[in-house]
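Working notes for the structure below.
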Amino acid sequence: MSAGTLYDKVWDLHRVSELPGGSTQLFIGLHLIHEVTSPQAFAALRDLGLSVRHPERTVATVDHIVPTTSQARPLADPLAEEMLATLERNCAEHGITLHGLGSGRQGIVHVIAPELGLTQPGMTVACGDSHTSTHGAFGAIAFGIGTSQVRDVLASQSLAMTKLKVRRIWVDGQLQPGVFAKDLVLHIIRTLGVKGGVGHAYEFAGPAIEALSMEERMTLCNMAIEGGARCGYVNPDQTTFDYLRGRPCAPSGEAWERAVAWWSGLASGADAVFDDEVRFDAAAIAPTVTWGITPGQGIGVDETVPTPDQLDPDDRALAGEAYQYMDLRPGVPIAGTPVDVCFIGSCTNGRLSDLRAAAAVASGRQVAAGIRAFVVPGSEQVAAAAEAEGLDAVFRAAGFEWRQPGCSMCLAMNPDRLEGRQLSASSSNRNFKGRQGSASGRTLLMSPAMVAAAAVAGQVVDVRRLLADGDASPSATRPGSEPSPELSSAPSAASRL
Amino acid sequence: MSHQPLPAGPISAHRGRGLPLPGADIDTDRIIPARFLKCVTFENLATGVFADDRSERSGDHPFDRDEHQGASVLVVNRNFGCGSSREHAPQALMRWGIRALVGESFAEIFFGNCLALGLPCLTADPAHVAELQEAIAVDPGAELLVDLEAMEVVLESEFAGDNRWPVTLDPGPRRMLLTGHWDGTSQLLAHDAELSATAAVLPYLSGFR
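Going down the list, the protein sequences come from chains A and B.
Numbered per the numbering used here, the first sequence spans residues 1 to 497.
Numbered per the numbering used here, the second sequence spans residues 498 to 706.
See below:
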């Protein structure tokens, strides 16, 4: 049983009571909501005659259903408009801050909470979205919940939870140029499997993790859930504090010093005990691409699609299904696979450093003939920052579309979707059958730089070759510099948090 | 689609016909594709269950076969319900008529979402799941008894004879179902003083002032 880890410390601090069913009631420090998984929770609250216990601890935005071409109201899709209007009504009725379209702060929920400084070390963070694990990058314990649990958090600011085991994932060495946090996490999931983390929290640690920027840590923790781990986290350190300082909802003045002291004390101690540990060598990881229908079916870009005899017997049936669905043959190199659509964005890879890395590849090149390529910034702040440094112009000049913020084609609840059997190179997080909006559409997951490389080559290609051509800017190599906190005059309603 | 009442109160057993759904890592996008999430109530989700898989198999999907209409015990393989946290997935299954699930393993958020609706997710050995799926295929009209007291699944078939397989469920969720405490809101609200005490010692709630 784990002891002395950040997970244990945060768990103990937030424990409210032991429940009759045997689970633990855990206080939730930050509750994030959006339009898809909250309406039924508010309706249930109304049916039960309950109010929101701590409206100031819930923050809302709209992301899943928003169009990325025109966000004018009413939204063109009446169902989308109804969902957004319902969220607006629920937030107004219960006194919940909503960062809506055009507010300057709207965006994907897992992009805006960090950039506003809402997400902080030592918090428990819950949201009706599995990628809530993203917030673990700050040393928070963050996990996705269902709508009944959204109702519970609204009503009681707490949840019935069972404590997880803690696995330390220790990563030695350093990622090579052209290899990103996305490649690291795809490599980890490929190795441990998509259910390897069930019942566990993943603590990511070691020299390679310490060297990651906050945005890279978010990419890593974002996909912990794809490896079955409901939450993943990185211990808070100077990188964390430097990112948070000056953000609208972060502490300031004397409170800042007290916060840093408290946050620092939460990190797993040298004597922390883990349930188990797995080690990786970052230097051995290549740009990684999925070839199948789960995020665990990944290979290095210089490898071939595995043959059944190269796989664990338990994985062969699913591989057979994947060969057929993806129309990829075992033993064939993944590099050279022609693509139709290239998507850069999502809560995994829609932040400024992701766009910089992709722009560095796109700069001075052209999207190949017949390829539809588009970039969807993760938030209005990301869009503004990218435009301020001219990234939108770089993408447009290269033949990419530059869109408005939202979840977009990661899950295709808005008009952005694959058609028929189209194959997409995507910086998102899931390559499930039908995930990107066409029941027969196909997805290859990869880093944003790799997506940009696929867009200009018209096929899967090793981005390191393009970077070696010499005209790529240094920002395409990691670690990327950290974008600075946004300190604009955007509405400050959330700063009371 | 189902006219059975939704789960309520203590759940110690369920009796109904089985529905085998073979396959590993069946994710919630497949259980209910994202376009069906454009709704503000769960009421009409039954029609979207496995919509894309069903249309791909044009009538030959387990959820479409005549012999499984009215079935209520879903028998699945490993890591069922992985991916998105959407409660729409168990809601859609429940509104189609599913009242209990038996499988090799379940994804964590999906398991919790089912529990919050009063749908037990019981795990069994891979070999036992395969036997159970096979036995249901042989006699789809046979009743299954899912017994949370004895922790077993019993197939009452005149063809296969009586077959029983052991199942497991962690003690916490099992107790929650047996006692009817799976619908958690009232329990959480019962500890308001403790909640305030916990909040009082979290420095970030007051902005570290």
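Where is the CB? At the ideal position from N, CA and C, for every residue including glycine.
Status (buried if at least 16 other CB within 10 Å, exposed otherwise) for residue i
{"i": "residue 69 of chain A", "result": "exposed"}
{"i": "residue 205 of chain A", "result": "buried"}
{"i": "residue 248 of chain A", "result": "buried"}
{"i": "residue 630 of chain B", "result": "buried"}
{"i": "residue 538 of chain B", "result": "exposed"}
{"i": "residue 665 of chain B", "result": "exposed"}
{"i": "residue 236 of chain A", "result": "buried"}
{"i": "residue 505 of chain B", "result": "exposed"}
{"i": "residue 566 of chain B", "result": "exposed"}
{"i": "residue 366 of chain A", "result": "exposed"}
{"i": "residue 442 of chain A", "result": "buried"}
{"i": "residue 683 of chain B", "result": "exposed"}
{"i": "residue 694 of chain B", "result": "exposed"}
{"i": "residue 333 of chain A", "result": "exposed"}
{"i": "residue 48 of chain A", "result": "exposed"}
{"i": "residue 601 of chain B", "result": "buried"}
Listed by chain order, chain B residues near residue i by CB distance under 7 Å
{"i": "residue 95 of chain A", "result": "Residues of chain B passing the Cβ test: none, with the nearest at roughly 17 Å."}
{"i": "residue 147 of chain A", "result": "584"}
{"i": "residue 152 of chain A", "result": "681, 682, 685"}
{"i": "residue 83 of chain A", "result": "535, 537"}
{"i": "residue 294 of chain A", "result": "522"}
From the options, residue whose alpha carbon lies closest to that of residue i
{"i": "residue 543 of chain B", "options": "B:593, B:702, B:568, B:642", "result": "B:593"}
{"i": "residue 185 of chain A", "options": "A:165, A:168, A:219, A:201", "result": "A:219"}
{"i": "residue 282 of chain A", "options": "A:369, A:174, A:110, A:76", "result": "A:174"}
{"i": "residue 31 of chain A", "options": "A:76, A:143, A:11", "result": "A:143"}
{"i": "residue 278 of chain A", "options": "A:222, A:141, A:196, A:337", "result": "A:196"}
{"i": "residue 612 of chain B", "options": "B:670, B:663, B:643, B:682", "result": "B:670"}
{"i": "residue 189 of chain A", "options": "A:419, A:295, A:334", "result": "A:295"}
{"i": "residue 167 of chain A", "options": "A:126, A:108, A:233", "result": "A:233"}
{"i": "residue 340 of chain A", "options": "A:420, A:42, A:317", "result": "A:420"}
{"i": "residue 414 of chain A", "options": "A:5, A:62, A:241", "result": "A:62"}
{"i": "residue 178 of chain A", "options": "A:209, A:285, A:266", "result": "A:285"}
{"i": "residue 110 of chain A", "options": "A:351, A:437, A:387", "result": "A:351"}
{"i": "residue 597 of chain B", "options": "B:706, B:576, B:509", "result": "B:509"}
{"i": "residue 530 of chain B", "options": "A:417, A:134, A:161", "result": "A:417"}
{"i": "residue 711 of chain B", "options": "B:599, B:554, B:590", "result": "Missing from the structure shown is residue 711 of chain B; chain B here goes from 498 to 706 and no further."}
{"i": "residue 618 of chain B", "options": "B:624, B:590, B:639, B:638", "result": "B:590"}
{"i": "residue 457 of chain A", "options": "A:347, A:342, A:378", "result": "A:342"}
{"i": "residue 280 of chain A", "options": "A:169, A:427, A:361, A:16", "result": "A:169"}
{"i": "residue 647 of chain B", "options": "B:655, B:626, B:675", "result": "B:675"}
{"i": "residue 241 of chain A", "options": "A:194, A:423, A:122, A:401", "result": "A:122"}
{"i": "residue 463 of chain A", "options": "A:429, A:425, A:271", "result": "A:425"}
{"i": "residue 136 of chain A", "options": "A:114, A:400, A:128, A:79", "result": "A:114"}
{"i": "residue 559 of chain B", "options": "B:661, B:704, B:637", "result": "B:637"}
{"i": "residue 392 of chain A", "options": "A:408, A:406, A:273, A:374", "result": "A:374"}
{"i": "residue 569 of chain B", "options": "B:662, B:503, B:672", "result": "B:503"}
{"i": "residue 57 of chain A", "options": "A:211, A:94, A:299", "result": "A:94"}
{"i": "residue 141 of chain A", "options": "A:399, A:302, A:361, A:14", "result": "A:14"}
Partners in chain B for residue i, counting only beta-carbon separations shorter than 8 Å
{"i": "residue 286 of chain A", "result": "Within 8 Å Cβ-Cβ: nothing; residue 286 of chain A doesn't reach chain B, min ~24 Å."}
{"i": "residue 195 of chain A", "result": "522, 575, 576, 579, 602, 604"}
{"i": "residue 80 of chain A", "result": "535"}
{"i": "residue 241 of chain A", "result": "Neighbours of residue 241 of chain A on chain B: none; closest Cβ ~13 Å, over 8 Å."}
Cross-chain neighbours of residue i in chain B, by beta carbon under 9 Å
{"i": "residue 37 of chain A", "result": "534, 582, 583, 584, 585"}
{"i": "residue 411 of chain A", "result": "526, 531, 534, 581"}
{"i": "residue 142 of chain A", "result": "Those do not exist, as residue 142 of chain A stays about 12 Å from chain B at its closest Cβ, beyond 9 Å."}
Amino acids of chain A, ordered along the chain, whose beta-carbon sits closer than 9 Å to that of residue i
{"i": "residue 673 of chain B", "result": "19, 20, 21, 22, 23, 160"}
{"i": "residue 711 of chain B", "result": "Shown here, chain B extends from 498 to 706; a query on residue 711 of chain B therefore has no answer."}
Closer than 7 Å at the beta carbon, the chain A residues around residue i
{"i": "residue 704 of chain B", "result": "251, 255"}
{"i": "residue 613 of chain B", "result": "146, 148, 149"}
{"i": "residue 545 of chain B", "result": "Those within 7 Å of residue 545 of chain B in chain A number zero; the least Cβ separation is about 12 Å."}
{"i": "residue 553 of chain B", "result": "439"}
Interface partners of residue i on chain A, CB under 8 Å
{"i": "residue 668 of chain B", "result": "22"}
{"i": "residue 678 of chain B", "result": "19, 20, 21"}
Exercise for the section: State whether the segment 258 to 266 of chain A contacts the segment 289 to 307 of chain A, with contact taken as three or more CB pairs (one from each stretch) at a distance under 8 Å. Expected result: As far as the Cβ criterion goes, the segment 258 to 266 of chain A does not touch the segment 289 to 307 of chain A, which means the pair count is below three.
Practice prompt. Could you tell me which uninterrupted alpha helix (DSSP H) segments, each at least 4 residues in length, are contained entirely in the segment 142 to 180 of chain A, listed from first to last along the chain?
Written response: Here the runs fully enclosed are 147 to 156.
TODO: Please confirm if the segment 140 to 153 of chain A is in contact with the segment 242 to 252 of chain A, defined as three or more CB-CB distances below 8 Å between the two stretches.
DONE: Note that the segment 140 to 153 of chain A does not touch the segment 242 to 252 of chain A; fewer than 3 beta-carbon pairs, one per stretch, sit closer than 8 Å.
| request: Could I get the ranges of all uninterrupted beta strand (DSSP E) runs contained in the segment 615 to 683 of chain B, with 3 residues as the minimum, in chain order? | output: Complete beta strand (DSSP E) runs here, min 3: 618 to 620, 640 to 644, 649 to 654, 658 to 663.
Can you give, in chain order, each stretch of the alpha helix (DSSP H) that sits fully within the segment 181 to 232 of chain A and has at least 4 residues? The DSSP assignment places complete alpha helix (DSSP H) segments of no fewer than 4 residues inside the segment 181 to 232 of chain A at 181 to 192, 207 to 210, 214 to 222, in order along the chain.
Segment contact flag, the segment 515 to 525 of chain B with the segment 580 to 589 of chain B, C-beta cutoff 8 Å, min 3 pairs:
By the Cβ rule, the segment 515 to 525 of chain B counts as touching the segment 580 to 589 of chain B, because three or more pairs are nearer than 8 Å.
The segment 376 to 390 of chain A / the segment 30 to 49 of chain A touching (three or more Cβ pairs under 8 Å): No: fewer than three Cβ pairs fall under 8 Å.
With three or more C-beta pairs closer than 8 Å as the rule, is the segment 421 to 435 of chain A touching the segment 155 to 171 of chain A?
Judged by Cβ distances under 8 Å, the segment 155 to 171 of chain A makes no contact with the segment 421 to 435 of chain A, as fewer than three pairs qualify.
Beta strand (DSSP E) runs contained entirely in the segment 268 to 343 of chain A, provided each spans 3 or more residues
Correct list: 276 to 281, 288 to 290, 298 to 300.
Discussion item. In chain order, what are the residue ranges of uninterrupted alpha helix (DSSP H) at least 4 long that sit wholly in the segment 80 to 115 of chain A?
Written reply: Runs found: 109 to 115.
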